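Visitor:
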Amino acid sequence: MNSKTKNIIGWILAVVLALAFVMAGGVKLSGQAEMIQNFEKWGLPIRAMYLIGGAEILGAIGILIPKTRFLAVLGLLGLMLGAIGTHLLNGEAFIPPLVLLILLGALTWIRKPLNSN
Numbered sequence: 001m002n003s004k005t006k007n008i009i010g011w012i013l014a015v016v017l018a019l020a021f022v023m024a025g026g027v028k029l030s031g032q033a034e035m036i037q038n039f040e041k042w043g044l045p046i047r048a049m050y051l052i053g054g055a056e057i058l059g060a061i062g063i064l065i066p067k068t069r070f071l072a073v074l075g076l077l078g079l080m081l082g083a084i085g086t087h088l089l090n091g092e093a094f095i096p097p098l099v100l101l102i103l104l105g106a107l108t109w110i111r112k113p114l115n116s117n
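When we follow full-length UniProt numbering, the leftmost residue of the sequence shown carries the number 1, and every step to the right adds one.
#1: PHE21: which of ILE102, GLY54 and LYS67 sits nearest, CA to CA?
#2: Looking at the secondary structure, which residues open and close the alpha helix (DSSP H) in which ASN7 lies?
#3: Helix or strand or just coil, what does DSSP make of LYS38?
#4: Have a look at LEU89 and MET80 and give me their C-alpha separation to the nearest angstrom.
#5: Tell me the residue span of the alpha helix (DSSP H) that contains ILE102.
#6: Can you find the residues in the same chain that come closer than 6 Å, C-beta to C-beta, to THR86, ignoring five residues on each side of it along the sequence?
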């Protein structure tokens, strides 16, 4: 794949992921009743919901800034691993965070420096 194609795909993937994490974080920060019930059911404090939501939005912004992209992806990968674990421990579907985890990995691979082969 040539560098121009990788660049275009990388930006599309970054924007899609940023939108997904802004929406996910926004739902948590809005304090919707269903989200509060989920965090209570999982045995997590409500302040964790706001912390995770804020981290998701900051990560979404970070993905769009080339100099912060790698750190943002690392943080979001950690959040998605935590989400997958939480859903597995509670017998719930874990496919949505798994898909985001895979897409974050793809973004990292596509956007790696050209000289790193």
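Every residue, glycine too, gets a C-beta built ideally from N, C-alpha and C.
These numbers were taken from a predicted model, which means no experiment stands behind them.
Guide: This is what the structure holds:
#1: GLY54
#2: Membership of ASN7 in the alpha helix (DSSP H) is indicated by the continuous run 3 to 29.
#3: It is Asn, not Lys, that sits at residue 38 in the sequence shown. If DSSP states are grouped into helix, strand and coil, ASN38 belongs with the helices.
#4: If you take the alpha carbons of LEU89 and MET80, they lie about 14 Å apart.
#5: 95 to 110
#6: Around THR86: TRP42.
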